[in-house]
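Colleague: One structure, pasted below without further comment.
There are 2 protein chains.
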Amino acid sequence: MAFQDHFPIWGKLDQDQQERLAGSLLLRTVPKGKILHNGDMDCAGLLLVRRGQLRAYIQSEEGRQITIYRLFDRDMCLLSASCMMRSIQFEVTVAAEKDTEFWVIPTEVYQRLMEESAPVANYTNELMASRFSDVMWLMEQTMWKSLDKRLAAFLLEEAAIEGSRELKITHETIANYLGSHREVITRMLRYFQNEGMVELSRGKVTILQVEKLQALEG
Amino acid sequence: MAFQDHFPIWGKLDQDQQERLAGSLLLRTVPKGKILHNGDMDCAGLLLVRRGQLRAYIQSEEGRQITIYRLFDRDMCLLSASCMMRSIQFEVTVAAEKDTEFWVIPTEVYQRLMEESAPVANYTNELMASRFSDVMWLMEQTMWKSLDKRLAAFLLEEAAIEGSRELKITHETIANYLGSHREVITRMLRYFQNEGMVELSRGKVTILQVEKLQALEG
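The listed protein sequences derive, respectively, from chains A and B.
Take -18 as the starting number for the first sequence in my numbering and just add one per residue.
Take -18 as the starting number for the second sequence in my numbering and just add one per residue.
Below is the structure:
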């Protein structure tokens, strides 16, 4: 079963634990755009991405969003099982950015493994530390870095993920990634266009000068 | 030994583990202002506060600061032992805000306990989740909440901690808490003063109208 190859501490479980885990798994496929978890829903369980792309974000009361991290093949989403730990006092929403196939590990199965196995608990620790680091990085970006630098970095990252300089993305979507407003993003993109760094067309941003964006990103 | 009363999972350690832990402890006292840990220093170990007050913050290249959390009696500082986990990819500075007495648990002793004991690993998980939650809260504050609300909340929190409405604190220090500039804080405090909420004098902010600050905090 391919799950074993995606779960790095499989070999540290005893046979009984492996059987319990394997027997509880659910393989799901969701289309792009589907919301998999948010604060109001039941605890969805841990999600292990087989292929696809997920996005975790927070949302203000007025509906503004900011992406806190993205998950790719083999990444595990811990916060979709936040009910597992009483010290997690915040809510994220997890949505599919592409058609995504993933395994669900039911919360109570994982929680029991974590309680009886130090390797599972320590693996969970490393996952949490890694997400925590993502958020600290984001915090530093939003506190100390100006929006033009963040927008340049976002466009370059997006081009790397998509393997294309032609990005099919709306200004609204970019605003939701960066925790900004659509109008602000539009203004900044127009400035980028005037500088010859990008070209804008309906629902599309095309990168013309990678080097200039990289220089701006700093 | 009082350490046992401060360390909630003491009873879940076996005798050998208890002896190793107790034998490795160091009780230290530092004066207000002392920096206990920062990214450039060696891994200080885990700090368990016996009495006093610590502050963890991040700093920009230009020297701007923002407080990410504060630790009081019985709180444990995990990030001062960040070398323990390879997934922690950020650097915080930890400094004493008051004269503080604390135990140091050497990193390698704690790390070994964590590797062999699921309760220790899960306790560490909860600690990390709790700090992670602090930072997510802060992130939401800085993203969605305006500075006047954050300043009102800070003054009320500070008054609660000190048990006094007369706060001996400089505008520079407040700016370092909130990740802002001294000039911006001074302007906002003067606005608060004009509104009759506070009175300013050299090195001091006195709260005159708690209710008005609470209403502003929202």
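Note that the Cβ used here is the ideal one computed from N, Cα and C, for glycine as well.
With H, G and I counted as helix, E and B as strand and the rest as coil, what does DSSP make of F135/A?
Modeller: On the first sequence, position 154 is the one that residue 135/A refers to. Of the three classes helix, strand and coil, the one that applies to F135/A here is helix, per DSSP.
Colleague: With 9 Å set as the bound, which would you pick, yes or no: does the beta-carbon of S68/A sit closer than that to a beta-carbon of chain B?
Modeller: Translated into the one-based positions of the first sequence, residue 68/A becomes position 87. It does; some Cβ of chain B falls within 9 Å.
Colleague: Pick helix, strand or coil for W94/A, following the three-state DSSP scheme.
Modeller: For the purposes of this step, residue 94/A is taken as residue 113 along the first sequence, with counting starting at 1. In the sequence on display, residue 94/A carries Leu and not Trp. Reduced to three states, the DSSP call for L94/A is helix.
Colleague: Do three or more CB pairs link the segment 55 to 65 of chain A to the segment 10 to 30 of chain A at distances below 8 Å?
Modeller: yes
Colleague: Can you grab the Cα-Cα spacing for the pair Y104/A / Y91/A, in whole Å?
Modeller: Stepping through the first sequence from its first residue, residue 104/A is reached at position 123. Stepping through the first sequence from its first residue, residue 91/A is reached at position 110. Straight-line Cα distance between these residues: approximately 12 Å.
Colleague: Any idea what DSSP makes of T88/A, helix, strand or coil?
Modeller: Position 107 of the first sequence, counted from the start, is the residue given in the question as residue 88/A. Correct three-state label for T88/A: helix.
Colleague: Using a C-beta cutoff of 9 Å, does W(-9)/A count as contacting chain B?
Modeller: Here the question's residue -9/A lines up with position 10 in the first sequence. Taking Cβ atoms only, chain B never reaches closer than 9 Å to W(-9)/A, which makes this a no.
Colleague: In chain A, which residues lie with their C-beta within 9 Å of the C-beta of E97/B?
Modeller: Start at 1 with the first residue of the second sequence, and residue 97/B comes out as number 116. Simply A99.
Colleague: Please confirm if the segment 132 to 142 of chain A is in contact with the segment 188 to 198 of chain A, defined as three or more CB-CB distances below 8 Å between the two stretches.
Modeller: yes
Colleague: When you compare the CB positions of S5/B and A99/A, do they come within less than 9 Å of one another, or not?
Modeller: Position 24 of the second sequence holds residue 5/B. Position 118 of the first sequence holds residue 99/A. No, the pair does not count as a contact, with Cβ atoms beyond the cut-off.
Colleague: Taking the C-alpha atoms as reference points, what is the distance between M95/B and A102/B?
Modeller: The sequence position of residue 95/B within the second sequence is 114, counting from 1. The sequence position of residue 102/B within the second sequence is 121, counting from 1. Roughly 5 Å between the two C-alpha positions.
Colleague: For E121/B, decide whether its Cβ has a neighbour in chain A, counting only Cβ atoms nearer than 9 Å.
Modeller: Here residue 121/B corresponds to residue number 140 of the second sequence, with the count starting at 1. For E121/B, the answer is yes, since a Cβ of chain A falls inside 9 Å of its Cβ.
Colleague: Terminal residues of the continuous beta strand (DSSP E) containing H18/B?
Modeller: Position 37 of the second sequence holds residue 18/B. I16 to H18 is the span of the beta strand (DSSP E), which, as asked, contains H18/B.
Colleague: Taking only beta-carbon atoms, is F71/A less than 9 Å away from chain B?
Modeller: Sequence index remark: in the first sequence, residue 71/A carries index 90 (1-based). So, interface residue.
Colleague: Nearest to D(-14)/B by CA position, among S127/B, V191/B and D54/B, is which residue?
Modeller: The sequence position of residue -14/B within the second sequence is 5, counting from 1. That would be D54/B, whose Cα lies nearest to the Cα of D(-14)/B.
Colleague: I'd like the list of long-range same chain contacts for I49/B, defined as Cβ closer than 7 Å, with 5 residues on each side in sequence excluded.
Modeller: Taking the second sequence and counting its residues from 1, the one referred to as residue 49/B is at position 68. The answer, listed in chain order, is A37, Y38, I39, V73, D115, V116 and L119.
Colleague: Would you kindly report the start and end of the unbroken alpha helix (DSSP H) that includes L194/A?
Modeller: One-based indexing of the first sequence puts residue 194/A at position 213. Here the alpha helix (DSSP H) through L194/A covers V191 to E198.
Colleague: Label Q(-4)/A either buried or exposed according to how many other C-beta atoms from any shown protein chain fall within 10 Å of its C-beta, with 16 as the threshold for buried.
Modeller: Position 15 of the first sequence, counted from the first residue, corresponds to residue -4/A. So Q(-4)/A counts as exposed.
Colleague: Since S223/A sits in a beta bridge, which residues does DSSP pair it with?
Modeller: Not covered by the structure: residue 223/A. The range shown for chain A is -18 to 199.
Colleague: Which runs of the alpha helix (DSSP H), 4 residues or longer, sit entirely within the segment -11 to 73 of chain A?
Modeller: Segments of the alpha helix (DSSP H) lying fully in the segment -11 to 73 of chain A: -4 to 5.
Colleague: Helix, strand or coil for E107/A, going by three-state DSSP, please let me know.
Modeller: Taking the first sequence and counting its residues from 1, the one referred to as residue 107/A is at position 126. Judged by DSSP in its simplified three-state form, E107/A adopts helix.
Colleague: Looking only at DSSP bridge pairs, what is L159/A linked to?
Modeller: Counting from 1 along the first sequence, the entry for residue 159/A is found at position 178. For L159/A, which the question treats as bridged, DSSP gives the partners I47/A.
Colleague: Is there at least one Cβ from chain A nearer than 9 Å to E107/B's Cβ?
Modeller: For the purposes of this step, residue 107/B is taken as residue 126 along the second sequence, with counting starting at 1. Residue contact check for E107/B against chain A: a CB pair falls below 9 Å.
Colleague: What is the DSSP secondary structure of E164/B, reduced to helix, strand or coil?
Modeller: As a position in the second sequence, residue 164/B is number 183, starting the count at 1. Looking at E164/B - three-state DSSP - the assignment turns out to be helix.
Colleague: Does the beta carbon of I166/B come closer than 9 Å to any beta carbon on chain A?
Modeller: As a working mapping, residue 166/B is identified with position 185 in the second sequence. Cβ-Cβ to chain A under 9 Å: no for I166/B.
Colleague: Apply the 10 Å Cβ neighbour rule to A141/B and answer buried if 16 or more other Cβ atoms are within range, or exposed otherwise.
Modeller: Against the second sequence, residue 141/B aligns to sequence position 160. Per the 10 Å Cβ criterion, exposed.
Colleague: Within 10 angstroms of its Cβ, does L8/A collect 16 or more other Cβ (buried), or is it exposed?
Modeller: For the purposes of this step, residue 8/A is identified with residue 27 of the first sequence, where counting begins at 1. Burial check for L8/A: the Cβ neighbour count within 10 Å stays below 16, so the residue is exposed.
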